[in-house]
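Enquirer:
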Amino acid sequence: MPEAPMEVPNHTEYSVAENNKNKLEFIEEATKNADEIQRKVLAEILSRNAHVEYMKRHGLNGRIDRETFKRIIPVITYEDILPDINRIANGDTSPIICSKPISEFLTSSGTSGGERKVVPTIEEEMGRRSLIYSLLMPVMSQFVPGLDEGKGMYFLFIKCETKTPGGLPARPVLTSYYKSSHFKDRPYDPYTKYTSPNETILCPDSYQSMYCQMLCGLCQNKQVLRVGAVFASGFIRAIRFLEKHWTLLCHDIRTGTLNSMITDQSAREAVMRINKPDLNLADFIEAECRKDSWQGIITRLWPNTKYIDVIVTGTMSQYIPTLEFYSNGLPLVCTMYASSECYFGVNLNPLCKPSDVAYTLIPTVAYFEFLPVERNNGGMLKSHNDQKEQQDLVDLVDVKIGQEYELVVTTYAGLYRYRVGDVLRVAGFKNNAPEFNFICRKNVVLSIDTDKTNEVELQNAVKNAVSHLMPFDACLSEYTSYADTTTIPGHYVLCWELSHKGSSPQIPASIFKDCCLTIEESLNSVYRQNRVFEAIGPLEIKVVEVGTFDKLMDYAISLGASINQYKTPRCVKFAPIVELLNSRVVSTYFSSKCPKWTTPALKQWTDMK
């Protein structure tokens with residue numbers, strides 16, 4: 112198995128060219144020997160965890176061969192291992208799923224029963240995440256030279272965390288990484304020179320953190336060669352923040368001071384080491400921000416920027432037009448593919464079009480299997496039965512170009528044949544390792560930021576809301592939804608067609624606003640948290656004319672849909688359909704306040720106390 116290239120901690124000994132060469136050779140060797148490495152990875156995972164309770168429960172009996180593993184160990188979902196997760200969370204330190212001690216729980220953006228999923232992890236997984244990060248810039252340097260000569264302006268944030276009843280931290284994977292020594296005490300690397308000091312990234316107040324990071328990015332605008340955030344939505348939110356607060360930021364740059372609203376002492380001290388009085392820079396920023404149009408504002412304020420580094424695959428693709436507007440068409444680069452469960456791989460052709468982004472899974476980080484995905488005539492994913500799942504899974508090197516698969520992973524941290532929920536399509540191969548397009552999250556119909564709302568959640572939320580209509584002898588005939596990203600932040604839109612029993616009184620606007628809020632209160636905690644932190648705007652209900660959904664069906668049939676099999680889609684993305692719905696709107700209503708959300712004590716554990 113190829114060894115990950117060693118980091119060189121000493122600044123004077125560091126060679127960019129040598130480091131890049133080592134990392135690229137590692138990728139080459141790993142992808143050439145993908146199947147051999149995968150077999151060894153599985154054997155290592157099984158041998159070190161041979162005596163854990165989970166393996167004994169399923170009768171693997173110390174076997175480490177791939178064939179026995181596939182025959183005996185079941186394919187599972189999060190709900191299948193939730194009892195084990197709860198035991199660990201409540202303080203059981205026996206080796207339930209992993210021989211190494213569980214060091215923390217990583218809170219996922221996915222949900223189960225309306226609450227965030229929590230994924231157990233071990234200390235050494237941090238090294239595997241760091242490996243994936245270390246490959247990104249050597250790959251990028253092949254396409255954009257000279258990136259080691261400037262800085263990256265990345266808007267990175269920590270989120271709130273909690274502890275399990277057993278005392279283990281429970282927090283998002285990026286919060287865990289940014290708080291770790293792997294990030295805070297990272298060895299010298301010119302590619303990890305950021306405009307944001309660590310103290311501003313680690314500031315727990317999101318407003319103060321954003322303000323400080325934006326100010327530092329503006330102060331160092333000529334040094335910036337690349338800009339980004341984790342998700343496209345997050346970067347757009349940063350530009351929107353600049354639109355709202357550029358006058359305050361210019362004042363601070365002009366005077367060399369820092370706004371009194373910034374009370375985090377570590378962040379203040381870090382910013383003041385960078386921000387010195389600069390009248391010319393303040394005047395320049397003010398002149399650009401005062402212009403009527405913000406088209407190209409990124410290249411105007413940060414003129415040396417080569418590309419934008421954000422995730423624009425999956426539901427994030429809806430933000431591409433906005434990013435292109437703000438950047439005057441800079442390349443949009445997706446560098447890596449990761450989740451709370453595992454960091455999977457990298458994009459070896461980062462300057463490709465967003466629609467062509469493909470990720471090469473690194474075979475050393477986990478053992479990968481793939482469940483073939485089938486679609487019905489309407490393009491919806493078909494479900495598999497358990498026995499068929501067990502039989503159909505294929506290995507990393509055996510996937511077929513053009514076929515779609517659901518990703519199944521076995522990790523060093525104790526997840527075995529775990530369905531991640533991502534649907535991928537094979538785009539090609541790098542040597543013997545496949546390259547995958549990310550297609551979608553399974554069952555997700557609406558998403559603006561890190562939220563993921565599926566059809567069942569949406570249906571239950573709507574069901575709760577329509578009870579407000581009953582006193583007015585009105586009922587909901589049909590509905591659909593879409594994610595509106597023309598606003599910043601984006602928001603959910605529900606299109607409702609109503610029917611009335613006889614002559615009923617007009618429904619007050621306040622009732623529809625109550626409906627909006629009830630829907631939001633009924634959605635999962637990730638959605639509600641994003642609303643509270645203004646990553647998602649207020650939910651909107653658009654009441655459409657009677658007969659609108661008949662028109663929608665007629666349009667679908669005109670495009671070839673079967674009238675016998677047609678059913679109203681609960682989410683629409685096709686622009687002509689959205690235009691049809693909007694052309695028949697008679698009234699619109701928004702939530703008048705945020706839904707309830709508090710810093711999580713992680714309900715599934717507090718309920719067990």
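Numbering (the numbering used here), first residue to last: 112 to 720.
From the three backbone atoms N, C-alpha and C, an ideal C-beta is built for every residue, glycine too.
If you're wondering where the values come from, they're calculated on a predicted model, not measured in any experiment.
How about T596 and Y430: are their beta carbons less than 7 Å apart?
Expert: Against a cut-off of 7 Å, the Cβ pair of Y430 and T596 comes out as a contact.
Enquirer: Looking only at C-alpha atoms, which of T679, P280, A449 and Y299 sits nearest to Y125?
Expert: Checking every option, the nearest Cα to that of Y125 belongs to Y299.
Enquirer: As an exercise, report each continuous beta strand (DSSP E) stretch of at least 3 residues that is fully enclosed by the stretch 209-295, in chain order.
Expert: The stretch 209-295 contains these whole beta strand (DSSP E) runs: 215-223, 226-232, 262-266 and 280-283.
Enquirer: Give me the Cα-Cα distance between T629 and N571, rounded to the nearest whole angstrom.
Expert: Approximately 11 Å between the Cα atoms of the pair.
Enquirer: Pull up the CB-CB distance for I269 and L313, whole angstroms please, since I reckon it's below 8 Å.
Expert: Yes, I269 and L313 are in contact; Cβ-Cβ is about 6 Å, under 8 Å.
Enquirer: Within the same chain, show all residues whose beta-carbon is closer than 6 Å to that of E357, passing over the 5 residues directly before and after it, in chain order.
Expert: The question names Glu, but residue 357 in the sequence shown is Trp. Closer than 6 Å at the Cβ level, and outside the excluded window around W357, lie C400.
Enquirer: How far does the beta strand (DSSP E) with Y448 in it reach, from first residue to last?
Expert: Note, Y448: beta strand (DSSP E), M447 to A449.
Enquirer: Using only the alpha-carbon positions, how far apart do E235 and F455 sit?
Expert: Cα to Cα, the separation comes out at about 15 Å.
Enquirer: Please identify the residue among N542, K290 and F254 whose C-alpha is closest to the C-alpha of Y418.
Expert: Closest option to Y418, Cα to Cα, is F254.
Enquirer: Applying the 10 Å Cβ sphere with the 16-neighbour rule, what's the burial state of I512?
Expert: Burial call: exposed.
Enquirer: Can you give, in chain order, each stretch of the beta strand (DSSP E) that sits fully within the stretch 179-207 and has at least 3 residues?
Expert: The qualifying runs do not exist here; there are none.
Enquirer: Can you find the residues in the same chain that come closer than 7 Å, C-beta to C-beta, to L557, ignoring five residues on each side of it along the sequence?
Expert: Excluding residues within five positions, the ones whose Cβ falls inside 7 Å are T564, L569, S592, A594, Y603 and C682.
Enquirer: Rounded to the nearest angstrom, how far is the Cβ of L360 from that of L329, given a contact under 8 Å?
Expert: About 6 Å separates the two Cβ atoms, so the contact holds.
Enquirer: Given a cut-off of 7 Å on the beta-carbon distance, is the pair A477 and C453 in contact?
Expert: Contact: yes.
Enquirer: Expressed to the nearest angstrom, what Euclidean distance is found between the alpha-carbon atoms of F549 and A538?
Expert: So the two alpha carbons sit approximately 10 Å from each other.
Enquirer: Which stretch, first to last residue, makes up the alpha helix (DSSP H) that contains W357?
Expert: Here the alpha helix (DSSP H) through W357 covers A343 to T366.
Enquirer: Nearest to N543 by alpha carbon, out of T598, V510 and L392?
Expert: Per the Cα distances, V510.
Enquirer: For T232 and L462, what's the separation of their Cα atoms in angstroms?
Expert: The straight-line gap from Cα to Cα measures roughly 33 Å.
Enquirer: For S245, which option in V457, T275, I208 and M427 has the closest C-alpha, if you only look at C-alpha atoms?
Expert: The option with the nearest alpha carbon to S245 is V457.
Enquirer: Could you tell me which uninterrupted alpha helix (DSSP H) segments, each at least 4 residues in length, are contained entirely in the stretch 371-406, listed from first to last along the chain?
Expert: With a minimum length of 4 residues, the continuous alpha helix (DSSP H) runs that stay inside the stretch 371-406 are 376-383 and 390-401.
Enquirer: Short of 7 Å in beta carbon distance, which residues of its chain neighbour P706, apart from the five on each side in sequence? Order them along the chain.
Expert: Once the five neighbours on either side are set aside, the close Cβ partners of P706 are L628, E631, E632, R639 and R642.
Enquirer: Measure the alpha-carbon distance for E745 versus G525 and round it to whole angstroms.
Expert: Summary: the structure shown does not reach residue 745, with the chain confined to residues 112 through 720, and so no result is reported for it.
Enquirer: Ordered along the chain, which non-local residues of its own chain (more than five positions away) have a Cβ less than 7 Å from that of A381?
Expert: Contacts found: P308, E310 and T311.
Enquirer: Identify the continuous beta strand (DSSP E) that holds T471 and give its terminal residues.
Expert: Taken as a continuous stretch (DSSP letters only), the beta strand (DSSP E) holding T471 covers Y470 to L472.
Enquirer: Compare the Cα-Cα distances from S451 to each of F180, Y288 and P185 and report the closest residue.
Expert: The shortest Cα separation from S451 among F180, Y288 and P185 belongs to Y288.
Enquirer: By DSSP, does Y529 sit in helix, in strand, or in coil?
Expert: Here Y529 sits in strand by DSSP.
Enquirer: Using a threshold of 7 Å, state whether the C-beta atoms of M264 and V335 are closer than that.
Expert: Yes.
Enquirer: Per DSSP, which residues does Y478 bridge with? Please list them.
Expert: T521.
Enquirer: Can you look up K333 in the DSSP assignment and give me helix, strand or coil?
Expert: K333: helix per DSSP, three-state reduction.
Enquirer: Cβ of L434 within 7 Å of Cβ of P465?
Expert: In this structure, P465 does not lie closer than 7 Å to L434 by Cβ.
Enquirer: Measuring alpha carbon to alpha carbon, tell me which residue in V531, K134, C606 and P545 is nearest Q514.
Expert: That would be P545, whose Cα lies nearest to the Cα of Q514.
Enquirer: Excluding the 5 residues flanking Q406 on each side, which residues of the same chain have their C-beta closer than 8 Å to its C-beta?
Expert: Taken in chain order, the residues that qualify are F436, Y437 and N439.
Enquirer: Who are F701's beta bridge partners in DSSP?
Expert: Answer by DSSP bridge pairing, in chain order: E651.
Enquirer: Short of 6 Å in beta carbon distance, which residues of its chain neighbour E480, apart from the five on each side in sequence? Order them along the chain.
Expert: Result list for E480: L504 and V519, in chain order.
Enquirer: At a cut of 8 Å, does the stretch 186-196 reach the stretch 527-538 through at least three beta carbon pairs?
Expert: Contact holds: three or more Cβ-Cβ distances are below 8 Å.
Enquirer: From what residue to what residue does the beta strand (DSSP E) around T591 run?
Expert: Residues A585 to D595.
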